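Note that this note's numbering has the sequence shown beginning at 5, numbered continuously upward. A virtual CB, placed ideally from N, CA and C, is assigned to each residue, including glycine. All figures in this text were calculated on a predicted structure; none of them were measured in a lab. These notes are about the structure you will find just below.
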Amino acid sequence: MSQNANVNAYLRTKVLTAPPEELRLLLLDGAIKFAAQGREGLLAKNFEMSFNGISQCRDIVVELMTTIAPTVEAELAAKVRGVFSFLFTELTEASLEKNPARLDKVIDLLQFERETWVLAMQKIAQERGAAGTITPATASASPVSPASTPTQNPARVSVSLSA
């Protein structure tokens, strides 16, 4: 079995066995990875690479946006959908304008959303009495190297909902 086949089998098993909150984390990781790929493509003037990365990221953002359940807190759900709608617009504009700075903003917001989601997962695990479900590797793993992403803005606040 080749290396790619092993990785694909591992990812398939991970997705099929993951609880919903971890699936959302995997989606956020994928969105960050593909946005960074799109950014790299723009910087390298490799427009096929940028198109593929941005398109994949947009697909994930749509999935994240459309799976927010408004049943618990409708107003909060609408605000979070608004954030993802903004990200979708920024991705589209970045692609049309070939503007890596817009992708920097998207990556920054997605990373902040990921950090917020990890904190929410840890709180849920503590409330359930199963703090061991969030591993340090899962919680701190970043899908993109810090050197390739913009600086975090600690003054921002983000809220996310489970699907």
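Residue i - DSSP class collapsed to helix/strand/coil
| i | result |
| --- | --- |
| T155 | Residue confidence is low: T155 scores 40 on pLDDT, short of 50, so the model does not pin down where it sits. Its coordinate-derived value is still stated next. Of the three classes helix, strand and coil, the one that applies to T155 here is coil, per DSSP. |
| T96 | helix |
| S6 | coil |
| P104 | helix |
| A167 | The pLDDT assigned to A167 is 42, lower than 50, so where the model puts this residue is not dependable; a value taken from the coordinates is nonetheless given after this. If DSSP states are grouped into helix, strand and coil, A167 belongs with coil. |
| A78 | helix |
| G133 | coil |
Member of the options whose CA lies at the smallest distance from the CA of residue i
| i | options | result |
| --- | --- | --- |
| A73 | V19, R132, R28 and S6 | R28 |
| S99 | Q41, F55 and F116 | F55 |
| G86 | T70, E101 and E97 | T70 |
| K102 | A81, N50 and L20 | N50 |
| D112 | L20, D33, V19 and E25 | D33 |
| S89 | A78, D63, A105 and D108 | D63 |
| S59 | L47, L20 and A35 | A35 |
Anticipated Cβ contact below 8 Å, residue i with residue j, distance rounded
| i | j | result |
| --- | --- | --- |
| L95 | V76 | At roughly 28 Å, the Cβ-Cβ gap does not stay under 8 Å, so L95 and V76 are not in contact. |
| L30 | A22 | 7 Å |
| P104 | L46 | 5 Å |
Status (buried if at least 16 other CB within 10 Å, exposed otherwise) for residue i
| i | result |
| --- | --- |
| R43 | buried |
| E117 | buried |
| R106 | buried |
| P24 | exposed |
Continuous alpha helix (DSSP H) stretch holding residue i: start and end
| i | result |
| --- | --- |
| V65 | F51 to T70 |
| A35 | P24 to L47 |
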